[in-house]
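Data first, discussion second: the structure below is written as C-alpha cells.
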Ligand SMILES: Nc1ncnc2c1ncn2[C@@H]1O[C@H](COP(=O)(O)OP(=O)(O)OP(=O)(O)O)[C@@H](O)[C@H]1O
Ligand SMILES: [Mg+2]
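Protein chains in written order, with this note's numbering: chain A, 1 to 264; chain B, 1001 to 1254; chain C, 2001 to 2285.
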C-alpha cells in the first residue's frame, strides 16, 4: 500500500530558506576564500582571483568581443549535433529494421565506437581544413554513435507480440506505427538526444581548443597559452553559463518524465 | 553453432571486402589521403618493434594513476554526500552546475599549472573520473530503498552497518554505470591532454603524424586507439556482467 | 532490563493470568499529508498486548493495519496518543521486534542464504561462520526453501520471497513478531503448513505476536485475540478472545464447530466494514 519508505515522519523536514542561506553562504565563502588565498598562499599566476576574473568578463561584455566566441561555439555545437543526430537516427532505423545486416556489422560499429573520437580531429583538419567543417564533423562523429545505439535499442524495444495482436485486430500499418512503434522508440530517442548533447558540447569545446581561432574552447586554450589565468577562468565561467543554460533545463525535463530504463 | 559460425564468416568476408576495396582504391587511384591497409600494417609492425609500447605505457600510466585517485574518491564522497539529506540539498545546485560543464575544457588550465609531463593528464583523468563517479554514486545514494534501511535498523544494525550492507551494495549498480562512463572517458581525457601538449603517449602519436602529414601514421595510431578503446569497453562490460548478476536477473524477470 | 525478565514464565494454557504489558497503544491517531491534503488514517486506537499474547488485526484494505505495525516498530510516530513497548515510549527503530513488512524487503543483491543469515553479520548478533551456516540451513529447511539457497530474490516467486523474509526474521528469534500478511502470496496447502510451523515456533519460544491479515480464518486459527478494524479512518470495531488451547493444532482446529461459530460471529462484523470500504472507494472514484 504505502510506497517508498516505511514512514519517517520522525525526521524534521529541511527548511528551504535555511538551505538557501547555506547555499549562499557556501558560495560567498568559496569566492571569499579564493580571493583571500590568491596572492597570499597561492600565486595569482595559478588561480587568478574572483575580482580579476569578473573584470575580464566585464571587459569582454563591454567591448562585445566575447560574442564571436559564444556564437561560434553555439553554431558548431548545434550543427554537429543536428548532422550527427540525423545520421545516427537514420542509421539506427535502417539497421534496426534489418536485424540480419545489423548482426553482421555490429562488431565493426562497436570497434569504431570504442575509438576516442577526438583522435579523428587531425584527420578532419587535413581533409577539411581548420574551420567550421572539421569541428562539425568531429561533433557529428560523436553524436552519430550515441543516437545510433539509442535508436537501435528503441527499435528492439518494440513489442512484436503487441504488433501481431493489433494486426489480428485489423489495425493498419500506420496505426501500428503511431500506437506501438513510436511510443517504444521515443523514450530512447529522447534519452539519446539528451545525453549526446552533453558529449557534443564537450567535443565542440575540445575541438575549438585543439584547432581553431574562435570559440570558448579556443579562448580557454589561448588564454592559457598566454599564461593569462584570469582569462582562462573567465572563459570557463562563460562556458559554465552557456553549458548550464543548455543542459540544466534538460535535466529538469528528465526529472518530470521518468526514464523507462536505467541505461543501456 | 552453425548459425554463429556463418555469421562470423559473413563478417570476415565483409572485412576482407572492405580492406580489399581500400587497398584497390589506394593502388589504382591514390594513397595520398587514404594510405592503404598494407602500408598501415607495415607501419604497425614497425611501431610494435619500436616505441609503440613506450607510448602505450605512458597513456596507460596516466589513465591508471588518474583512475586510482578519482574513482575511490568520487564513489566515497558521492555516497556520503548523497546520504546526508542536508548536504545533498545544499550542494545540489552546485553539483548540477558542475555536471553540465565540459570538464575537459579545463585541460589547458591543467597544462598551464603542471606543464608538459604526465602530471596534467593524471590530474585530468582523476578529475574527470572523480566527477563521473561522484554524480553516479550520489544519485545512487539518493535512490537507496529506505525500506531496506529500515529493515536493517530493526535488526539492530548501526548506522555504519547499514551504510556498508545497504547503501554501498545498492550504489553498486550506479557505480558500475559510472565506471562504464568513466573508463572510456579516462582514455578520451588522456588522449585530449596528450594531443594538446605532450611529447609522448598515444595522443601524441596522432599529432606527431599529423604535423608531418604522415597519413599512414595517423591511421595506424587511430587503429591502435581503436583497439585500446575496444578493450576498455569490453572489459567494463565483462566487469558489469560479473558484478551485477542479480540486477540482470531482475530486469529480465519483469 | 533486569535479569528476572530474561527468565520467561511458564507457557500459558487456557485462561491467561494477568501478564506484563508488552505493547500498548494509547488513544493513538495518525494523520497523513499527501498532495497538500491531510487525512486521518488511524483514529482513537487503544491496544494493549500482554506478554506472550498472539493478537490478530483484521480489517478492510487501507484501514490502517500496517500503520499500526509501523508505529510499534518505531518507524512512524503517532500524531496523537502514545505508543509504548515494555513500558517505555517507542521513539526510534524498535530493535526488540522482528517486523515482516507487507512488501518483502529482501536485499536484491544477496542470495537467499545470505539474506537469511544477515542478522548474524551484525555486531549486536554476531555469530561465527559455522554457527551461522547451521542456523541458516535450519531456517531454510523450516520454510521449505531447500535447493534455493544460492538463488537471488529476483529468481524466486512471490511466495518464496515471503518465506525467505520470514526465515530472515525468525532466525534471530526476536521476542516480539510483527507480521504483515506473512502468508498472503502462498497457495492454500503451503499456507496451512506455514501457519502450523509458525504456531509451533511462537508457542515454543513464547513470543508476543501481532499478526495483520485479510484472512479471518487465519486470524481465528492462530490468535489469542482478534481485533476488527473499521474501514478508514481505522478504529477498533470489535475485539474478541479466542479461547482455544495452546499448543494448538491449526490443521484440525478448523473443523471444530466452535471454530465455525467464532468465525461466523466475527465475519458478520467484518462484512459490514468490507461493504463500507467498497462503498467508500466507489464514491472516491
Ligand atoms: N506514508 C504514507 N503517506 C500517506 N498516506 C499513507 C502512508 N502510509 C499509509 N497511508 C494511508 O493510510 C491508510 C492506511 O494505510 P495502511 O497501509 O496502514 O493500510 P492497511 O490496513 O495496511 O491496508 P492493506 O490491508 O491494503 O495493507 C491508507 O489510506 C494509506 O493510503
Ligand atoms: Mg497493509
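Note that CB positions come from ideal geometry on N, CA and C, so glycine has one too.
The beta carbons of residue 1184/B and residue 1122/B sit about 17 Å from each other, so the pair does not count as a contact at 8 Å. At least 9 Å separates the CB of residue 1067/B from every CB of chain A.
In this model, residue 213/A and residue 1191/B are separated by some 21 Å (Cα to Cα). Look at residue 2121/C: its C-beta is under 9 Å from a C-beta on chain B. The beta carbon of residue 2063/C lies closer than 6 Å to those of 2229, 2231, 2232 and 2234 in the same chain, with the five residues before and after it left out. The C-beta distance from residue 2170/C to residue 2201/C rounds to 6 Å, short enough to meet the 8 Å contact threshold. Rounded to the nearest whole angstrom, the CA to CA distance from residue 2197/C to residue 2083/C is 30 Å. Short of 6 Å from the beta carbon of residue 194/A, and not among the five residues preceding or following it, lie these beta carbons of its own chain, in chain order: 250. If you check the C-beta of residue 2105/C against ligand 1, you find no heavy atom less than 8 Å away.
With the criterion set as a beta carbon lying under 8 Å from some beta carbon of chain B, the members of the region 80-104 of chain A are 103 and 104, in sequence order.
At the C-beta level, residue 1178/B and residue 1132/B come within 9 Å of one another.
Distance from the CA of residue 122/A to the CA of residue 1034/B, rounded to the nearest whole angstrom, comes to 14 Å. As summarised for the region 1164-1243 of chain B, the continuous alpha helix (DSSP H) elements at least 4 residues long and confined to that stretch are 1168-1196, 1202-1211 and 1215-1243, given in chain order. Any Cβ of chain B closer than 9 Å to the Cβ of residue 196/A would place that residue at the interface, and such an atom is absent.
Within chain B, the residues placing a beta-carbon under 8 Å from that of residue 2125/C are 1155 and 1156, ordered along the chain. Beta-bridge pairing by DSSP links residue 2037/C to 2034/C.
Apart from sequence neighbours up to five positions away, the residues of its chain that approach residue 2267/C with a beta-carbon distance below 8 Å are 2216, ordered along the chain. In the DSSP assignment, the residues bridged to residue 2100/C are 2179/C.
For residue 1210/B, the closest Cβ of chain A is nearer than 9 Å.
The closest heavy atom of ligand 2 lies 8 Å or more from the beta carbon of residue 1150/B.
Rounded to the nearest whole angstrom, the C-alpha separation of residue 1176/B and residue 1130/B is 14 Å. Inclusion of residue 2066/C in the 8 Å shell around ligand 2 follows from its C-beta lying nearer than that to a non-hydrogen atom of the ligand. Interface criterion met: the Cβ of residue 2154/C is under 9 Å from a Cβ in chain B. Annotation: residue 2134/C to residue 2146/C spans about 13 Å, alpha carbon to alpha carbon. Under the 10 Å beta carbon count, residue 172/A is surrounded by fewer than 16 other beta carbons and is classified as exposed. Against chain B, the beta carbon of residue 107/A has neighbours under 7 Å at 1011, listed in chain order. Using beta-carbon distances, residue 162/A does not count as an interface residue toward chain B, since no partner is under 9 Å. Taking a Cβ-Cβ threshold of 8 Å, none of the residues of chain C is close to residue 1224/B; the smallest such distance is about 38 Å. The count of Cβ pairs closer than 8 Å, one atom from the region 122-141 of chain A and one from the region 155-171 of chain A, stays below three, leaving the stretches out of contact. Chain-ordered listing is empty here: chain B has no CB closer than 7 Å to the CB of residue 50/A, the nearest sitting near 16 Å.
Nearest Cα to residue 42/A within the set 229/A, 19/A, 13/A and 238/A: 229/A. The beta-bridge partner set that DSSP reports for residue 2057/C consists of 2212/C and 2227/C.
Within chain B, the residues 1096 and 1100 have their CB atoms less than 7 Å from the CB of residue 248/A, given in chain order. For residue 1111/B, the uninterrupted alpha helix (DSSP H) segment begins and ends at 1107-1114. In this structure residue 243/A does not touch residue 1139/B by the C-beta definition: roughly 19 Å separates them, more than the 8 Å allowed. Within the region 1232-1245 of chain B, the residues whose Cβ lies closer than 9 Å to any Cβ of chain A are, in chain order, 1232, 1233 and 1234.
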